[in-house]
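Take the sequence shown: its position 2, counting from 1, is numbered 68 in the numbering used here, and each next residue is one higher.
Ideal Cβ placement from N, Cα and C applies to all residues, glycine included.
Bear in mind the structure is a predicted one, so any value in this text is a computation, not a measurement.
Written below as structure tokens is the structure these notes are about.
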Amino acid sequence: MTTDTPDRILRLNTVLDRTGLSRSTLYRKVDQGTFPAQVRIATRCVGWRESAIADWLRNPMFYGVEDAKLRG
Numbered sequence: 067m068t069t070d071t072p073d074r075i076l077r078l079n080t081v082l083d084r085t086g087l088s089r090s091t092l093y094r095k096v097d098q099g100t101f102p103a104q105v106r107i108a109t110r111c112v113g114w115r116e117s118a119i120a121d122w123l124r125n126p127m128f129y130g131v132e133d134a135k136l137r138g
């Protein structure tokens with residue numbers, strides 16, 4: 067029996083609260099590939115997959131976008 071729950075989409079303020087990053091640091095890390103990229107929800111709305119944020123929180127110093135793609 068599996069308990070697969072759907073991956074939630076977290077909005078910016080929730081991601082900032084969970085990570086402790088500032089907005090500018092978060093976007094700089096996204097550009098550098100050291101933080102998960104956002105996903106488009108609507109035309110002017112983005113968010114982050116909760117599972118991607120959890121992966122980053124497990125090991126933020128060594129997180130890489132390419133590593134995440136290999137696991138997912």
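When you compare the CB positions of residue i and residue j, do they come within less than 7 Å of one another, or not?
i, j, result
"Gly130", "Ile75", "no"
"Arg124", "Asp73", "no"
Excluding five sequence neighbours on each side, which residues of the same chain lie with their C-beta closer than 6 Å to the C-beta of residue i?
i, result
"Ala120", "none"
Quick test of your reading: residue i and residue j, contact by CB under 8 Å. State the CB separation rounded to the nearest angstrom.
i, j, result
"Leu92", "Thr85", "7 Å"
Which residue comes first and which comes last in the alpha helix (DSSP H) that contains residue i?
i, result
"Arg84", "Leu78 to Thr85"
"Arg115", "Unbroken run through Arg115 is the beta strand (DSSP E), Cys111 to Arg115; no alpha helix (DSSP H)."
"Arg89", "Arg89 to Gln98"
Between which two residues does the beta strand (DSSP E) carrying residue i extend?
i, result
"Ala108", "Val105 to Ala108"
Grab me the residues of residue i's own chain with a C-beta within less than 7 Å of its C-beta, minus the 5 sequence neighbours each way, in chain order.
i, result
"Arg77", "Gly113"
"Leu82", "Arg89 and Leu92"
Select from the options the residue whose C-alpha is nearest the C-alpha of residue i.
i, options, result
"Met127", "Asn79, Thr80 and Lys95", "Lys95"
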